[in-house]
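Chemist: Those letters in the sequence shown? Residues 1 to 853, per UniProt numbering, in order. Glycine residues also receive a C-beta, built at the ideal position from the N, C-alpha and C atoms. Dropping a structure here in structure tokens format, bear with me for questions.
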Amino acid sequence: MAQPLEELVCSLVPKARHDSGLRQDLVAHCQEILSSRIGQAVDTDIGYLGDIIKRHLLQSSPDGTSTLRFTNLLSRLLDQSILTRKHATLQFLHSLALSSKPTALSPAYLPSLAPPPSSRPSSKPSTSVDSTAQARLPKGKSKAEILREYRAKIGRPHLLEHLILRDTLYLLQGISGKYVHFSPSATDDGNHELVFTDDPKYIISTPTRSLVHRLAEVGHLYMRVDAFVQEREGHGSVGMIEQSLCHHLQTQLTEYYRLIAVLESQMAVGNADGGGAADGGDGATSAREEESGLTLKRLDVWIEEWRLRMRMMSVCVEGARGAHGGALVNLIHGYADNGDPFVRNFTAQLLEEVSKPFFATLHKWLFSGELVDPFAEFFVAVDPELAHVQYAQPEGVGPLASDSGFGLGGGAAHEEEELGGEREGGLKLWESKYRFQKDMLPAFVGEVFGRKIFSTGKSLNFIRYMCHDSDWVATRQKLSNTGGTLQYSDIAGLERSIDTAYQIASQRLFEVFFEKYKLLDHLLALKHYLLLGHGDFIEQLMETISPSLARPANTLYRHNLTTTLETAMRFSNAQNDPPDVLRRLDVRMLEYSHGEIGWDVFTLEYKVDAPIDTVLDPDSMMTYRKLFVHLWKIKRIESTLSTMWMRVAGGARTFLRVPELDFDWHQIQLVMAEMIHFIRQIETYCQLEVIECSWKVLHEFVQRGEGDLDALIEAHHAYLERVAKKVLLLNTKPGREESLLKQVLDVFATILQFREATDDFYNYCLSESARRDSERDADRGVYTSSGADTRYNPDAVYDIISRVREYGSSFSERVQSVVQALQSHADLDCRFLAIRLSFSDFYKVKKDQLSRS
């Protein structure tokens, strides 16, 4: 045990490292203590030993301070797993405290083991160790005497503590003192350097300089925070959130001023107690200041909490110089995720104050749909170009309210001017007037709830100003009853309020669209009329308008076409539709070029106004018109083939009696059957598999009533996009988006050419049959005039038959190309269409036969 004791003595008493006699005396003294106290201990219960020590400490310090400190130290000792002899260590320290054996060791050399000089017993030491120690160590000198000897040795006394303390209090307020002052940094970065004045009469010790440096940090941080507050007070464009930050910082600085005032009063008490002895220059002054008043060490303890506060405020100040509004709140919130309870609590308190303007703006936007943000601090921003644009008052349907809107007045040129002058609908205001700024969204809100807040405010604003909802007051009252005050300390309540407000606003918006403005009726009207879902109306319109559309486009007038449209409405089930729907339906003539006929430029139009034009926006209506043009072509081909089949099938058996041409008529009927199969498969695919299935998905979404207006717009766009993609057979491969559609249109053109050639063949056969009947009548003595003097001309009929065969063969080849393209299409429904069009690989077998022949 001697070796560890020697090391312990050398570490505690540096002089013993070079004085072997002193080291031996101290080791012997420690061994005597261990043998007299620790060796007699029989109880190893640390708890029992701790109770004994606490009772001893309560006797010596009745206020309980020492007992509390011992309890904390004991708990820390028990938590140390590296120490194995905890009971022995505790008992050793307790023995040292209870040891009444006198010692001659001077406190200057053994401060931790010896009592103060005034408390030593006056009895003469009896051991040889004590006498040896008294012979070696100086005795009878107080700390003040030793201090005076040291100052005399260096030639200059230390600066009195109350003087440096006074300067330190100045430094804490950002003011330079007499002996210590702030100097601007050479780097010109706003920082300051601490400079000590070189006084020839006094010196400032290194430990004191370090302590002053530590305290001056608080003053430096104070200057930075105060400069920020003063700078922002002089600007009129400072936002509400930044003003709230400055207000909170000023409140903290006010509390700091109170602390400085208390510290100055404590210093004044200390100086009054010290009296004139403070200028005596001896160690008695320090002793009196430690007993009463303020010291640098006590000041450091007092200021410790404010050091942490100033550091946090300084960090916020530096971050606030480059942040604004919600970004500033988000920056401060980033410090809340900290394991230090002080930092976390301080940040929470700061956020509670700073976020009040944010929550005030949030409350107005979430519950009223009003954006009150004069300094652009909220995560919802208004487009400057649309800030003053108001929603239009939906007074009826404008030009649809009278028949004057049907007049064409001058053909397609006037129509294009009308189309070009089409006003911007509510969709632009809905999508562009307000913007979502993710960088201004506080992290404690989250993007999911931020999007809900954004949608809720837009919905309320839309209901109030666009829809002119008469129940707006009731809706606002319902929203106000959803929750209490929005604040940072109740994030869970904030999320509940956001969810409830989002559901109420979205539900009311759906009710306004589908109950007040009958949006579902308009969607059905577009499906029935522009997507040709009203079968009897389309048949009636096709039958009545076909003769007009067969004429050149420049000979058509809109009022004539409108009359035909109204006739088709009256003689079909369309007459049972709501009047508001029927008066929106109109005809439109697209821009035409020379040589085009009415079929090429005719289209139906469905006019919409605010607020339903938010969902049925101009782009969507343009897509509806494109779909109508394509579906109208399919309907035209179907009608043409049906008419031609009835003529040929009936006439070939009755009045087309040219026996040598029966085989050609049979081939024509085969090609016509092939064409009818093709067009009916295309029509069935478009109506049943595309339009009806897509409508079912949209209708189910409407029935659920979930989501907001953005979700409704997105659902309608998805419905329309799916219909357009499948009906127009659009491919997703680059460069081949509309190549398949072009092939189908070429097939349609071939069918029309075949129809013209077949009509010529029909007319020829009809004329030839009438001529032959006239000849047979003449043979019987009956003379009739057939009106046809031409006789059978093999060359003329050969040209007609060649055209019929050419168009029939071209049709088969083009359909084969369409089927092959559909088989490799990315869409599954399109690939199934290829299977139905080929009907048992008819075209593949036909192609193989042609290749073998």
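Enumerated in chain order, which unbroken segments of the alpha helix (DSSP H) with a length of 4 residues or greater are wholly contained in the stretch 30-80?
Modeler: Within the stretch 30-80, the complete alpha helix (DSSP H) runs of at least 4 residues are 46-60, 65-79.
Chemist: Whose C-beta lies closer than 6 Å to the C-beta of LEU741 among residues of the same chain, with five residues either side of it excluded?
Modeler: These residues qualify, in order along the chain: LEU728, LEU729.
Chemist: Give me the Cα-Cα distance between THR640 and ILE713, rounded to the nearest whole angstrom.
Modeler: Cα to Cα, the separation comes out at about 38 Å.
Chemist: What three-state label does DSSP hand ASP827 in the structure shown?
Modeler: ASP827 falls in the coil class under three-state DSSP.
Chemist: If we ignore side chains and look at the alpha-carbon of each, how far apart do MET621 and GLY493 end up?
Modeler: So the two alpha carbons sit approximately 43 Å from each other.
Chemist: Write down every uninterrupted run of the beta strand (DSSP E) in the stretch 163-248 whose length is 3 residues or greater and which is fully enclosed by it, in chain order.
Modeler: Fully enclosed beta strand (DSSP E) runs of 3 or longer: 180-184, 192-196.
Chemist: Could you give the residue range of the beta strand (DSSP E) that holds ALA387?
Modeler: Taken as a continuous stretch (DSSP letters only), ALA387 belongs to no beta strand (DSSP E), as it is neither H nor E.
Chemist: Among residues of its own chain, excluding the 5 on either side of PHE196, which ones have a beta-carbon nearer than 7 Å to its beta-carbon?
Modeler: Result list for PHE196: TYR179, VAL180, ILE204, ARG209, in chain order.
Chemist: Taking the Cβ atom as the reference point for each residue, do VAL218 and MET313 lie within a distance shorter than 8 Å?
Modeler: Result no, Cβ atoms of VAL218 and MET313 do not sit closer than 8 Å.
Chemist: Runs of 4 residues minimum, wholly inside the stretch 426-469: which ones carry the alpha helix (DSSP H) assignment?
Modeler: List check, alpha helix (DSSP H) in window: 426-432, 447-465.
Chemist: Label MET589 either buried or exposed according to how many other C-beta atoms from any shown protein chain fall within 10 Å of its C-beta, with 16 as the threshold for buried.
Modeler: Buried.
Chemist: Can you tell me where the beta strand (DSSP E) holding PHE602 begins and where it ends?
Modeler: Its beta strand (DSSP E) spans residues 602-606.
Chemist: Report all residues from its chain with a CB closer than 6 Å to the CB of PRO357; omit the five preceding and five following residues, and keep chain order.
Modeler: MET240, ILE241, SER244.
Chemist: Is it buried or exposed for PHE342, if we count other Cβ within 10 angstroms and need 16 for buried?
Modeler: Classification of PHE342: exposed, given that the 10 Å Cβ count is below 16.
Chemist: Mind listing, in chain order, the continuous alpha helix (DSSP H) runs of no fewer than 4 residues lying wholly within the stretch 617-682?
Modeler: Segments of the alpha helix (DSSP H) lying fully in the stretch 617-682: 618-654.
Chemist: Could you pull the DSSP bridge partners for ALA381 from this structure?
Modeler: Answer is ARG435.
Chemist: Since LEU299 contacts LEU165 with CB under 8 Å, what's their CB separation in whole angstroms?
Modeler: Correct: roughly 7 Å between the Cβ atoms.
Chemist: DSSP on VAL372, reduced to helix/strand/coil?
Modeler: Coil at VAL372, not helix or strand.
Chemist: Quick one: what's got a C-beta closer than 6 Å to THR732's C-beta in the same chain, skipping five residues either side?
Modeler: Result list for THR732: ALA826, in chain order.
Chemist: How is LEU833 classed by DSSP in three states: helix, strand or coil?
Modeler: In the structure shown, LEU833 sits in a helix (DSSP, three-state: H, G or I).
Chemist: Whose CA, out of GLU566, LEU8, SER20, lies closest to the CA of GLN31?
Modeler: Comparing Cα positions, the closest option is LEU8.
Chemist: Is the stretch 454-461 close to the stretch 429-442, with three or more CB pairs under 8 Å?
Modeler: The stretch 454-461 vs the stretch 429-442: in contact.
Chemist: Which residue wins for smallest C-alpha separation from TYR517, given the options ASN573, GLY450, VAL615?
Modeler: Among ASN573, GLY450, VAL615, the Cα nearest to that of TYR517 is on VAL615.
Chemist: Look at the alpha carbon of GLN437 and the alpha carbon of VAL723, and state the distance between them as a whole number of angstroms.
Modeler: When rounded, the distance between both Cα atoms is 34 Å.
Chemist: Just how far apart, CA to CA, sit PRO62 and GLN91?
Modeler: Roughly 22 Å between the two C-alpha positions.
Chemist: Just reading off the alpha helix (DSSP H) that VAL13 is part of, what are its end residues?
Modeler: First-last for VAL13: undefined, no H or E at that position.
Chemist: So for PRO357, helix, strand or coil by DSSP?
Modeler: The answer is helix: DSSP assigns PRO357 an H, G or I state.
Chemist: Going by the beta-carbon positions, is the gap between LEU520 and VAL702 smaller than 8 Å?
Modeler: Closer than 8 Å, so yes.
Chemist: Any idea what DSSP makes of VAL587, helix, strand or coil?
Modeler: Note: VAL587 maps to strand in three-state DSSP.
Chemist: If distances are taken between C-alpha atoms only, which option among HIS247, ASP51, ALA443, PHE462 comes closest to GLY426?
Modeler: Nearest of HIS247, ASP51, ALA443, PHE462 to GLY426, Cα basis: PHE462.
Chemist: Are the stretch 668-679 and the stretch 802-818 touching by the rule of at least three beta carbon pairs closer than 8 Å?
Modeler: Judged by Cβ distances under 8 Å, the stretch 668-679 makes contact with the stretch 802-818, as three or more pairs qualify.
Chemist: Which two residues bound the contiguous alpha helix (DSSP H) that contains SER142?
Modeler: From DSSP, SER142 is part of no alpha helix (DSSP H); its letter is neither H nor E.
Chemist: According to DSSP, simplified to helix, strand and coil, what is ILE597?
Modeler: It is a strand residue.
Chemist: Whole angstroms is fine: what's the gap from GLU683's alpha carbon to MET675's?
Modeler: When rounded, the distance between both Cα atoms is 12 Å.
Chemist: With DSSP as the reference, identify every bridge partner of PRO552, one or two as the case may be.
Modeler: Bridge partners of PRO552: ILE597.
Chemist: Does the distance from the C-beta atom of MET223 to that of GLY177 stay below 8 Å?
Modeler: For MET223 and GLY177, no; Cβs fall outside 8 Å.
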